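Undergrad: Throughout the sequence shown, residue numbering follows mature numbering (1 follows the signal peptide of the UniProt record, and there is no 0), covering -17 to -1, 1 to 264 in sequence.
Here a beta-carbon is modelled for each residue, glycine too, at the ideal position from N, C-alpha and C.
Please read all numbers here as calculations on a predicted model, not as lab measurements.
Following this message is one structure expressed as C-alpha coordinates.
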Amino acid sequence: MRRIFLSLTSVAALALAGCNHSSDGSQQQAAGGGDTGSANTVSGTVALRDTSKTLSPAAKLDIVIVDVTAQNGTPLASKTIQPVTLPAQFKLDVNPTDVNPNDIYIVEATITDGERTYTMPLKAPVLTKGGKNTADIQLVGVATAGEKELAGFNGVKKNIGGMKVTQGTELKEGASRGWQIFKQGNEVQFIRELVDYGDKGFTSTDYAYKNGKAWVIVQEKKPSKDGKPTSIERAGWNDAGDLVLKDNQAGSKTDVLSDAAANELRKQAEGIYAKVGGGKK
(Lines of atoms letter the chains of each structure in order from A and count residues from 1; the text may use other names and numbers.)
(Lines give C-alpha, C1' and ligand atoms only; values in the text may rest on other atoms or scores of the structure.)
Protein backbone atom coordinates (compact mmCIF):
# COMPACT_ATOMS: atom_id res chain seq x y z
CA MET A 1 0.00 0.00 0.00
CA ARG A 2 1.34 3.38 -0.99
CA ARG A 3 1.47 5.90 1.81
CA ILE A 4 1.26 9.69 1.36
CA PHE A 5 3.22 11.88 3.78
CA LEU A 6 2.63 15.64 4.19
CA SER A 7 5.54 17.74 5.19
CA LEU A 8 5.28 20.24 8.05
CA THR A 9 5.54 23.02 5.47
CA SER A 10 2.49 21.71 3.56
CA VAL A 11 0.40 21.42 6.74
CA ALA A 12 1.27 24.98 7.75
CA ALA A 13 0.30 26.30 4.31
CA LEU A 14 -3.11 24.62 4.47
CA ALA A 15 -3.78 25.96 7.96
CA LEU A 16 -2.88 29.49 6.86
CA ALA A 17 -5.21 29.27 3.87
CA GLY A 18 -8.04 28.17 6.16
CA CYS A 19 -7.45 31.13 8.49
CA ASN A 20 -7.48 33.58 5.59
CA HIS A 21 -10.80 32.20 4.35
CA SER A 22 -12.33 32.49 7.82
CA SER A 23 -11.09 36.10 8.14
CA ASP A 24 -12.65 37.11 4.78
CA GLY A 25 -15.98 35.62 5.80
CA SER A 26 -15.93 37.51 9.11
CA GLN A 27 -15.26 40.80 7.36
CA GLN A 28 -18.15 40.23 4.94
CA GLN A 29 -20.45 39.42 7.85
CA ALA A 30 -19.41 42.60 9.66
CA ALA A 31 -20.11 44.71 6.58
CA GLY A 32 -23.50 43.06 6.20
CA GLY A 33 -24.50 43.60 9.83
CA GLY A 34 -25.08 39.90 10.41
CA ASP A 35 -28.41 39.94 8.56
CA THR A 36 -29.55 36.68 7.01
CA GLY A 37 -30.52 38.47 3.79
CA SER A 38 -28.23 39.57 0.98
CA ALA A 39 -25.49 41.98 2.02
CA ASN A 40 -25.95 43.70 -1.35
CA THR A 41 -29.54 44.89 -0.76
CA VAL A 42 -31.58 46.75 1.83
CA SER A 43 -35.32 46.19 1.68
CA GLY A 44 -38.42 46.92 3.71
CA THR A 45 -41.76 48.73 3.84
CA VAL A 46 -42.93 52.30 4.39
CA ALA A 47 -46.29 53.18 5.95
CA LEU A 48 -47.95 56.07 7.80
CA ARG A 49 -48.29 55.81 11.57
CA ASP A 50 -51.73 57.42 11.31
CA THR A 51 -53.50 54.87 9.14
CA SER A 52 -56.50 57.19 8.72
CA LYS A 53 -54.44 59.55 6.54
CA THR A 54 -54.62 59.16 2.78
CA LEU A 55 -52.25 60.30 0.06
CA SER A 56 -53.06 62.06 -3.20
CA PRO A 57 -51.96 60.64 -6.57
CA ALA A 58 -49.24 63.32 -6.63
CA ALA A 59 -47.52 61.99 -3.48
CA LYS A 60 -43.84 61.07 -3.86
CA LEU A 61 -41.73 58.73 -1.70
CA ASP A 62 -37.96 59.28 -1.50
CA ILE A 63 -35.75 56.64 0.15
CA VAL A 64 -32.00 56.94 0.68
CA ILE A 65 -29.24 55.15 2.57
CA VAL A 66 -26.78 57.61 4.06
CA ASP A 67 -23.52 57.32 5.98
CA VAL A 68 -24.10 59.41 9.12
CA THR A 69 -20.48 58.92 10.16
CA ALA A 70 -18.95 60.41 7.01
CA GLN A 71 -21.65 63.11 6.63
CA ASN A 72 -20.47 63.80 3.11
CA GLY A 73 -24.01 64.23 1.81
CA THR A 74 -23.64 61.52 -0.83
CA PRO A 75 -26.20 58.71 -0.43
CA LEU A 76 -25.03 55.12 -0.64
CA ALA A 77 -28.21 54.29 -2.57
CA SER A 78 -31.48 56.06 -3.37
CA LYS A 79 -34.87 55.48 -4.94
CA THR A 80 -38.01 57.51 -5.72
CA ILE A 81 -41.44 55.89 -5.83
CA GLN A 82 -44.41 57.62 -7.46
CA PRO A 83 -47.34 57.16 -7.24
CA VAL A 84 -47.28 55.83 -3.67
CA THR A 85 -49.40 52.90 -2.55
CA LEU A 86 -49.18 52.20 1.18
CA PRO A 87 -47.64 50.21 2.62
CA ALA A 88 -44.92 50.74 0.00
CA GLN A 89 -42.26 48.08 -0.48
CA PHE A 90 -38.73 49.08 -1.42
CA LYS A 91 -35.42 47.45 -2.30
CA LEU A 92 -32.13 49.32 -2.60
CA ASP A 93 -29.04 47.75 -4.12
CA VAL A 94 -25.77 48.49 -2.34
CA ASN A 95 -22.23 48.09 -3.62
CA PRO A 96 -20.43 46.13 -0.83
CA THR A 97 -17.13 47.83 -1.61
CA ASP A 98 -18.73 51.19 -0.67
CA VAL A 99 -19.65 49.96 2.82
CA ASN A 100 -17.21 50.75 5.62
CA PRO A 101 -17.78 48.32 8.55
CA ASN A 102 -16.72 51.05 10.97
CA ASP A 103 -19.32 53.58 9.75
CA ILE A 104 -23.00 53.92 10.67
CA TYR A 105 -25.63 53.78 7.92
CA ILE A 106 -29.32 54.61 8.16
CA VAL A 107 -32.33 54.48 5.85
CA GLU A 108 -34.18 57.77 5.47
CA ALA A 109 -37.67 57.87 3.97
CA THR A 110 -39.74 60.97 3.19
CA ILE A 111 -43.14 61.38 1.58
CA THR A 112 -44.02 64.72 -0.01
CA ASP A 113 -47.69 65.29 -0.79
CA GLY A 114 -48.41 68.86 -1.79
CA GLU A 115 -47.66 71.08 1.23
CA ARG A 116 -47.61 68.08 3.55
CA THR A 117 -44.41 66.22 4.39
CA TYR A 118 -44.15 62.91 6.26
CA THR A 119 -40.85 62.08 7.95
CA MET A 120 -39.33 59.44 10.24
CA PRO A 121 -39.51 60.07 14.01
CA LEU A 122 -37.00 57.23 14.57
CA LYS A 123 -33.81 56.39 12.70
CA ALA A 124 -33.45 53.00 10.98
CA PRO A 125 -29.82 51.76 11.13
CA VAL A 126 -28.78 49.17 8.52
CA LEU A 127 -25.79 47.24 7.20
CA THR A 128 -23.24 47.76 10.00
CA LYS A 129 -22.90 47.91 13.78
CA GLY A 130 -25.58 45.27 14.20
CA GLY A 131 -27.98 46.96 11.78
CA LYS A 132 -30.12 44.65 9.69
CA ASN A 133 -30.66 44.70 5.96
CA THR A 134 -34.39 45.21 6.40
CA ALA A 135 -36.40 48.15 7.77
CA ASP A 136 -40.11 48.56 8.41
CA ILE A 137 -40.61 52.33 8.54
CA GLN A 138 -43.50 54.40 9.88
CA LEU A 139 -43.78 58.08 8.95
CA VAL A 140 -45.56 60.93 10.73
CA GLY A 141 -46.87 64.17 9.25
CA VAL A 142 -45.03 67.44 9.78
CA ALA A 143 -47.10 70.57 10.42
CA THR A 144 -47.46 72.70 7.31
CA ALA A 145 -46.50 76.36 7.27
CA GLY A 146 -50.18 77.27 7.49
CA GLU A 147 -50.80 74.96 10.43
CA LYS A 148 -47.87 76.53 12.29
CA GLU A 149 -49.38 80.01 11.87
CA LEU A 150 -52.80 78.73 12.94
CA ALA A 151 -51.26 77.15 16.05
CA GLY A 152 -49.69 80.51 16.91
CA PHE A 153 -53.04 82.20 16.36
CA ASN A 154 -54.77 79.75 18.70
CA GLY A 155 -52.09 80.42 21.32
CA VAL A 156 -52.83 84.16 21.20
CA LYS A 157 -56.57 83.48 21.26
CA LYS A 158 -56.24 81.51 24.49
CA ASN A 159 -54.52 84.47 26.15
CA ILE A 160 -56.89 87.29 25.20
CA GLY A 161 -58.55 87.03 28.62
CA GLY A 162 -55.44 88.59 30.12
CA MET A 163 -55.35 91.50 27.68
CA LYS A 164 -56.87 94.95 27.95
CA VAL A 165 -60.26 94.89 26.21
CA THR A 166 -62.47 97.64 24.77
CA GLN A 167 -65.57 97.32 22.65
CA GLY A 168 -67.75 99.18 20.22
CA THR A 169 -70.87 98.91 18.09
CA GLU A 170 -72.18 100.25 14.81
CA LEU A 171 -75.66 100.14 13.34
CA LYS A 172 -76.23 100.59 9.64
CA GLU A 173 -79.06 99.67 7.33
CA GLY A 174 -78.94 95.92 6.77
CA ALA A 175 -76.19 95.20 9.31
CA SER A 176 -75.69 95.42 13.05
CA ARG A 177 -72.02 95.29 14.00
CA GLY A 178 -70.20 94.84 17.29
CA TRP A 179 -66.55 94.26 18.16
CA GLN A 180 -64.09 93.67 20.95
CA ILE A 181 -60.50 94.94 20.79
CA PHE A 182 -57.76 93.17 22.74
CA LYS A 183 -54.49 94.99 23.37
CA GLN A 184 -51.13 94.02 24.78
CA GLY A 185 -49.80 97.30 26.07
CA ASN A 186 -50.77 99.82 23.39
CA GLU A 187 -50.67 97.33 20.53
CA VAL A 188 -53.78 95.68 19.10
CA GLN A 189 -53.24 91.91 19.12
CA PHE A 190 -56.73 90.59 18.46
CA ILE A 191 -60.15 91.81 17.30
CA ARG A 192 -63.39 89.85 17.44
CA GLU A 193 -66.18 91.14 15.22
CA LEU A 194 -69.81 90.01 15.09
CA VAL A 195 -72.04 91.16 12.23
CA ASP A 196 -75.75 90.42 12.03
CA TYR A 197 -77.18 90.79 8.52
CA GLY A 198 -80.71 89.82 9.56
CA ASP A 199 -82.22 87.23 7.25
CA LYS A 200 -79.05 87.34 5.13
CA GLY A 201 -76.98 85.64 7.78
CA PHE A 202 -74.44 86.24 10.49
CA THR A 203 -70.63 86.33 10.59
CA SER A 204 -68.23 85.87 13.49
CA THR A 205 -64.66 86.88 12.67
CA ASP A 206 -61.45 86.71 14.69
CA TYR A 207 -58.58 88.87 13.47
CA ALA A 208 -55.04 88.51 14.81
CA TYR A 209 -52.29 91.02 14.07
CA LYS A 210 -48.50 91.18 14.15
CA ASN A 211 -46.73 94.52 14.11
CA GLY A 212 -49.87 96.24 12.96
CA LYS A 213 -50.44 93.89 10.01
CA ALA A 214 -53.09 91.25 9.45
CA TRP A 215 -51.66 87.90 10.49
CA VAL A 216 -54.36 85.21 10.79
CA ILE A 217 -58.08 85.56 10.16
CA VAL A 218 -60.82 83.02 10.93
CA GLN A 219 -64.35 83.83 9.77
CA GLU A 220 -67.44 81.75 10.47
CA LYS A 221 -70.55 82.25 8.35
CA LYS A 222 -73.88 81.22 9.89
CA PRO A 223 -77.55 81.48 8.97
CA SER A 224 -78.14 83.21 12.33
CA LYS A 225 -76.28 84.12 15.52
CA ASP A 226 -77.08 80.83 17.21
CA GLY A 227 -76.91 78.69 14.07
CA LYS A 228 -74.17 76.28 13.15
CA PRO A 229 -71.46 77.54 10.77
CA THR A 230 -72.14 76.79 7.12
CA SER A 231 -68.52 77.63 6.29
CA ILE A 232 -65.28 78.59 8.02
CA GLU A 233 -62.65 80.52 6.10
CA ARG A 234 -59.08 80.70 7.38
CA ALA A 235 -56.31 82.86 5.97
CA GLY A 236 -52.86 83.52 7.38
CA TRP A 237 -49.57 85.10 6.35
CA ASN A 238 -46.04 84.34 7.54
CA ASP A 239 -43.47 86.94 8.60
CA ALA A 240 -42.40 87.38 4.97
CA GLY A 241 -45.97 88.25 3.96
CA ASP A 242 -46.62 85.00 2.08
CA LEU A 243 -50.11 83.53 2.19
CA VAL A 244 -49.53 80.13 3.83
CA LEU A 245 -52.89 79.41 5.47
CA LYS A 246 -55.83 79.21 3.06
CA ASP A 247 -58.63 76.88 4.11
CA ASN A 248 -62.30 76.93 3.23
CA GLN A 249 -64.18 74.43 5.38
CA ALA A 250 -67.78 73.49 4.67
CA GLY A 251 -69.06 70.71 6.91
CA SER A 252 -66.48 67.93 7.01
CA LYS A 253 -64.90 68.97 3.70
CA THR A 254 -61.99 71.40 3.51
CA ASP A 255 -60.89 72.99 0.23
CA VAL A 256 -58.26 75.58 -0.65
CA LEU A 257 -59.37 79.14 -0.03
CA SER A 258 -58.85 81.25 -3.15
CA ASP A 259 -56.32 84.06 -3.13
CA ALA A 260 -59.13 86.48 -3.90
CA ALA A 261 -61.12 85.36 -0.87
CA ALA A 262 -58.00 85.57 1.33
CA ASN A 263 -57.30 89.10 0.10
CA GLU A 264 -60.91 90.07 0.85
CA LEU A 265 -60.45 88.85 4.44
CA ARG A 266 -57.27 90.88 4.73
CA LYS A 267 -59.07 94.00 3.51
CA GLN A 268 -61.69 93.42 6.22
CA ALA A 269 -58.93 93.05 8.81
CA GLU A 270 -57.25 96.28 7.68
CA GLY A 271 -60.60 98.09 7.60
CA ILE A 272 -61.63 97.28 11.15
CA TYR A 273 -58.08 97.86 12.41
CA ALA A 274 -58.25 101.38 11.02
CA LYS A 275 -61.81 101.84 12.32
CA VAL A 276 -60.87 101.09 15.92
CA GLY A 277 -57.69 103.16 15.76
CA GLY A 278 -55.32 100.22 15.84
CA GLY A 279 -52.55 102.25 14.28
CA LYS A 280 -52.61 104.87 17.02
CA LYS A 281 -50.24 104.55 19.98
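So, does the region 194 to 205 touch the region 91 to 106, judging by three or more C-beta pairs under 8 angstroms?
TA: Counting Cβ pairs under 8 angstroms, fewer than three are found: no touch.
Undergrad: Around the C-beta of Ala158, are 16 or more other C-beta atoms found within 10 angstroms, so that it is buried, or is it exposed?
TA: exposed
Undergrad: Can you pull the DSSP bridge partners for Arg160?
TA: Glu153, Val178
Undergrad: Grouping DSSP H, G and I as helix and E and B as strand, with all else coil, what is Gln121?
TA: strand
Undergrad: Measure the alpha-carbon distance for Gly219 versus Gly145 and round it to whole angstroms.
TA: 23 angstroms
Undergrad: How about Ile89 and Ala107: do their beta carbons lie closer than 7 angstroms?
TA: A contact, by the Cβ cut-off of 7 angstroms.
Undergrad: Buried or exposed for Leu38, going by 16 or more other Cβ atoms inside 10 Å?
TA: Residue environment for Leu38: buried (at least 16 other C-beta atoms within 10 angstroms of its C-beta).
Undergrad: Hey, out of Asn55, Gln54, Ala53, Val49, whose CA is closest to Lys62's CA?
TA: Val49
Undergrad: Counting beta carbon pairs with one atom in the region 41 to 60 and one in the region 131 to 150, are three or more of them shorter than 8 angstroms?
TA: no
Undergrad: Assuming Phe173 and Ile143 form a contact by the criterion Cβ under 8 angstroms, report the distance between their Cβ atoms to the nearest whole angstrom.
TA: 5 angstroms
Undergrad: Pull up the DSSP beta-bridge partners for Arg249, would you.
TA: DSSP, once it has assigned bridges, lists no residue as partnering Arg249.
Undergrad: Under 7 angstroms between the Cβ atoms of Gly170 and Thr188?
TA: Before going further, note that residue 170 is Glu rather than Gly in the sequence given. Taking 7 angstroms as the Cβ cut-off, Glu170 and Thr188 do not qualify as a contacting pair.
Undergrad: For Pro79, which of helix, strand or coil comes out of DSSP?
TA: helix
Undergrad: Looking only at its chain, what residues have a beta carbon closer than 7 angstroms to the beta carbon of Asp81, apart from the 5 residues adjacent to it on each side?
TA: Contacts found: Leu59.
Undergrad: Under a three-way DSSP split, which group does Gly138 fall into?
TA: helix
Undergrad: Give the secondary structure of Leu59 by DSSP, where H, G and I count as helix, E and B as strand, and everything else as coil.
TA: coil
Undergrad: Using the C-alpha atoms, what's the distance from Lys112 back to Leu31?
TA: 27 angstroms
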